[in-house]
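In the working numbering, the protein residues as written are -18 to 189.
No residue lacks a Cβ here, since even glycine has one placed at the ideal position from N, Cα and C.
Everything numeric in this text was worked out from a predicted model, so none of it was measured.
Below is one structure, written out as structure tokens, with a few remarks after it.
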Amino acid sequence: MDRAGDIRVIPLLCPGCGGRLPAGEDDVIFVCAPCASCWELADGSLARRELHHAGGAGDVRLPFWILPFQVTTREGSVATRAAFRSLAGSLPVGDTGSDSDLPNLFVPACSFPSPPRLVRAGRLLTLRQPAVVPVACRPGPIAPIVFNEKDARNMGETILLATVTEARKESFAFLESFSFRPGTGRLCTIPFERKDSKFYHPAMNLEL
-18 MDRAGDIRVI
-8 PLLCPGCGGR
2 LPAGEDDVIF
12 VCAPCASCWE
22 LADGSLARRE
32 LHHAGGAGDV
42 RLPFWILPFQ
52 VTTREGSVAT
62 RAAFRSLAGS
72 LPVGDTGSDS
82 DLPNLFVPAC
92 SFPSPPRLVR
102 AGRLLTLRQP
112 AVVPVACRPG
122 PIAPIVFNEK
132 DARNMGETIL
142 LATVTEARKE
152 SFAFLESFSF
162 RPGTGRLCTI
172 PFERKDSKFY
182 HPAMNLEL
């Protein structure tokens, strides 16, 4: 009998505590409410995925992939925060972390009402380069995680280009020989306050 069309049913039960994993139609990573563990479907089974939580209070936590990255352009290599600051022109990109550290690209892991808003969210956080220091906490509501790390890598170059071109509207020479190399991503939630259909982070004075 040809079994190529067989359907395999994988129960969405937390391997850690046995609790039911909440899952929406588009969710790709699942957070267990009882034990706060995080799981991703991989090769037909549930695999543990590290999920970090930034400190702070808010109505909802928005998940982001944080990808350290390097870039090569006709102007040279960008492999530090200081070099990224130079690539982005005179626009400040934050003062957290060492200038010699790799810059981080912030890619939303949740959906936004439109692609431009999703790109804008990633661009604004990438410009600020906030230091996301994980804290031990039992997180509040987390927006559904609908993009995995592969998705984040695919979206990353678009967000990076939007970040830099916004600051360098008069000179796009850096686009020649542009090469983007992301590193291994971290999945992290950042707390935001809801403001109608938008999200606000008081400490960063940031509205998404």
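Tell me the rounded alpha-carbon separation between residue i and residue j.
i	j	result
T53	S92	29 Å
G35	L43	Looking at the sequence provided, one finds Ala at residue 35 rather than Gly. Computed Cα separation, rounded: 10 Å.
Y181	E157	36 Å
C16	L68	43 Å
P172	F45	11 Å
K176	V41	11 Å
L106	R162	19 Å
R1	D24	20 Å
L72	A133	For L72, the pLDDT reaches just 49, beneath the cut-off of 50, and the residue's location in the model is therefore unreliable, leaving the point undetermined.
Between residue i and the rest of its own chain, which residues show a CB-CB distance below 6 Å, the 5 nearest in sequence each way excluded?
i	result
E188	K179 and Y181
V113	A35 and C169
V59	V52, F65 and L68
Which one of the options has the shortest CA to CA distance from residue i?
i	options	result
V100	D82, F161, P84 and N135	N135
C13	P163, E31 and D24	E31
A28	G57, C(-5), D8 and G5	C(-5)
C19	G(-1), A38 and Q51	G(-1)
R109	I47, P3, A117 and R162	I47
Just to check my reading of the structure: residue i and residue j have Cβ atoms closer than 8 Å, yes? What is that Cβ distance to the nearest angstrom?
i	j	result
P111	T170	Not a contact, Cβ separation roughly 13 Å.
A184	G37	7 Å
Counting only the same chain and skipping the five closest in sequence on each side, list residues whose C-beta sits under 8 Å from that of residue i.
i	result
P115	H33, H34, A35 and C169
T61	D80, S81, D82, L83 and P84
R104	I140, A143, T144 and E147
Give every residue of the same chain whose Cβ lies closer than 7 Å to the Cβ of residue i, excluding the five residues on either side of it in the sequence, and list them in chain order.
i	result
G39	P172, F173 and E174
contact_flag[the segment 114 to 127, the segment 82 to 92] where n(CB pairs < 8 Å) is 3 or more: The segment 114 to 127 is in contact with the segment 82 to 92.
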